[in-house]
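**Student:** My questions will all concern the structure given below.
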Amino acid sequence: MDSPEREVEGVIRSLTQSSRENQRKALEQYFLPNAYFVHPFCRVPSFSNVNIPLTNRTVNSLWFVFFIYQWYHVLSPDIKLGIDSIAFDKQHNKLYVTLHQTFTLWFVPFSLWQANVKLVTVLNLERLRTDAHGNPVVDEDSPALVNGDGRTNGVLPRRYFIKGQEDHYQIEDFVKFVAPWGASVLWQLWQLFATLVCAVGVALLREPVALLRQNMLGRDSRTIKTKA
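Here my numbering is used: position 9 in the sequence shown is 21, and no number is missing along the way.
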């Protein structure tokens with residue numbers, strides 16, 4: 013990507029709302045071959061070419077990322093999503109995308125299994141030189157950059173490539189994938205209960221805990237005893 017903030021929406025839509033061939037092209041064009049992938053339900057560690065035993069085939073981590081996006085599309089062919097915000101941390105090469113999506117299992121009638129979720133996707137980027145075909149060149153001494161006489165093939169542009177993707181969901185959102193009929197409501201009730209426990213705990217136990225820390229453990233309890 014030349015401009016991550018401007019191009020990332022097209023990348024996301026190609027991966028989630030497009031054909032198998034367009035998914036493959038997007039991964040090959042924008043991701044590094046050893047890109048990693050982290051999601052609450054699956055994980056692909058970063059690795060380069062690995063030989064498959066008893067075959068002449070090699071695979072890398074991007075190969076598995078492709079199958080994750082394929083299976084995602086198989087389960088829900090008609091993904092609906094919208095981009096809420098995009099922020100690029102250029103100093104640390106991180107791109108933050110907040111989005112919402114509707115995931116519907118196609119084989120469940122009347123769209124009964126439908127997850128309306130929000131998430132934050134963090135894309136870790138790396139800015140690399142490219143060869144004549146726009147592919148990333150990690151090795152600066154690669155033949156793609158150097159002629160036979162040792163001279164570089166001109167000043168080739170640098171582009172941002174995705175070296176890792178991390179999808180972050182609130183618990184109330186990712187449980188919708190496995191239990192869309194009220195599980196998120198139960199979790200919200202648990203959160204409200206936990207908040208009540210915090211309030212009651214402070215009201216009833218702040219002073220006893222402060223005295224216990226001070227008298228028995230010799231700890232400084234001024235931060236506990238100080239009232240707002």
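The beta carbon of each residue, even a glycine, is placed where N, CA and C say it ideally should be. In this text the structure is predicted, and so the values were computed from the model without any measurement.
Do Ala38 and Gln177 have their C-beta atoms within less than 9 angstroms of each other?
**Tutor:** Not in contact: Ala38 and Gln177 (Cβ atoms no closer than 9 angstroms).
**Student:** Under 8 angstroms, with one C-beta from each stretch per pair, do the stretch 72-87 and the stretch 210-226 reach the 3-pair mark?
**Tutor:** Contact between the stretch 72-87 and the stretch 210-226 is absent, because fewer than three Cβ pairs lie under 8 angstroms.
**Student:** State yes or no: is the C-beta of Val109 within less than 9 angstroms of the C-beta of Leu74?
**Tutor:** Not a contact, by the Cβ cut-off of 9 angstroms.
**Student:** Pull up the DSSP beta-bridge partners for Thr133, would you.
**Tutor:** DSSP output for Thr133 lists Val109, Asp179 as bridge partner(s).
**Student:** Helix, strand or coil for Ser60? Go by DSSP, reduced to three states.
**Tutor:** Ser60: coil per DSSP, three-state reduction.
**Student:** Please report the Cβ distance between Asn72 and Pro45, rounded to the nearest whole angstrom; I am assuming they are in contact, meaning their Cβ atoms lie under 8 angstroms.
**Tutor:** Indeed, because the Cβ distance is near 5 angstroms, the residues count as touching under 8 angstroms.
**Student:** Just mark Glu17 as buried or exposed, buried being the case when its beta carbon has 16 or more other beta carbons within 10 Å.
**Tutor:** It counts as exposed.
**Student:** Under the assumption that Ser88 contacts Phe122 (Cβ atoms under 8 angstroms), give the Cβ distance between them as a whole number of angstroms.
**Tutor:** With a Cβ gap of about 15 angstroms, Ser88 and Phe122 do not count as contacting.
**Student:** Please report the residue range of the beta strand (DSSP E) in which Ser31 lies.
**Tutor:** Taken as a continuous stretch (DSSP letters only), Ser31 belongs to no beta strand (DSSP E), as it is neither H nor E.
**Student:** State the beta-bridge partners of Val71 as determined by DSSP.
**Tutor:** According to DSSP, Val71 bridges with Val62.
**Student:** Could you give the distance in angstroms between the alpha-carbon of Ala127 and the alpha-carbon of Asp90?
**Tutor:** Between Ala127 and Asp90, the C-alpha separation is close to 12 angstroms.
**Student:** If I'm right that Val129 touches His112 with Cβ under 8 angstroms, what's the distance once you round it to whole angstroms?
**Tutor:** Their Cβ separation, rounded to whole angstroms, is 7 angstroms, which keeps Val129 and His112 in contact under 8 angstroms.
**Student:** Kindly indicate which residue of Gly94, Asn147, Leu217 has the alpha-carbon position closest to the one of Thr28.
**Tutor:** Residue Gly94 is the option with its Cα nearest to Thr28.
**Student:** For Glu19 and Arg171, what's the separation of their Cα atoms in angstroms?
**Tutor:** Roughly 12 angstroms separates the two Cα atoms.
**Student:** Among Lys106, Pro148, Asp143, Phe119, which has the Cα closest to the Cα of Leu137?
**Tutor:** For the residues Lys106, Pro148, Asp143, Phe119, the minimum Cα distance to Leu137 belongs to Lys106.
**Student:** Kindly list the residues whose CB is nearer than 8 angstroms to the CB of Ile24, restricted to its own chain and excluding five residues on each side of it in sequence; keep chain order.
**Tutor:** The residues are Leu93, Ile95, Val109, Leu111, Thr133.
**Student:** Using only CA atoms, which one of Gly213, Val212, Phe186 lies nearest to Gln200?
**Tutor:** Answer by Cα proximity: Phe186.
**Student:** How far does the beta strand (DSSP E) with Ser97 in it reach, from first residue to last?
**Tutor:** That run of the beta strand (DSSP E) goes 92-101.
**Student:** Using only the heavy atoms of the ligand MN, determine whether one of them is closer than 8 angstroms to the beta carbon of Ile183.
**Tutor:** The ligand MN is absent from the structure shown, which contains no ligands of any kind.
**Student:** Which of the three DSSP states is assigned to Asn128 in this structure?
**Tutor:** Three-state result, Asn128: strand.
**Student:** State buried or exposed for Trp202, treating a residue as buried only when at least 16 other CB atoms are found within 10 Å of its CB.
**Tutor:** Its Cβ having fewer than 16 others within 10 Å, Trp202 is exposed.
**Student:** Return the CA-CA distance between Pro148 and Thr142, expressed in angstroms with no decimal places.
**Tutor:** One C-alpha to the other measures close to 5 angstroms.
**Student:** Considering only residues of the same chain and omitting the five flanking positions on each side of Met228, which have a CB-CB separation below 8 angstroms?
**Tutor:** Cβ neighbours of Met228 beyond the five flanking positions: none.
**Student:** For Asp101, I'd like the list of residues in its chain whose CB is within less than 8 angstroms of its CB, leaving aside the five on either flank, ordered along the chain.
**Tutor:** Excluding sequence neighbours, Asp101 sits near Leu107, Tyr108.
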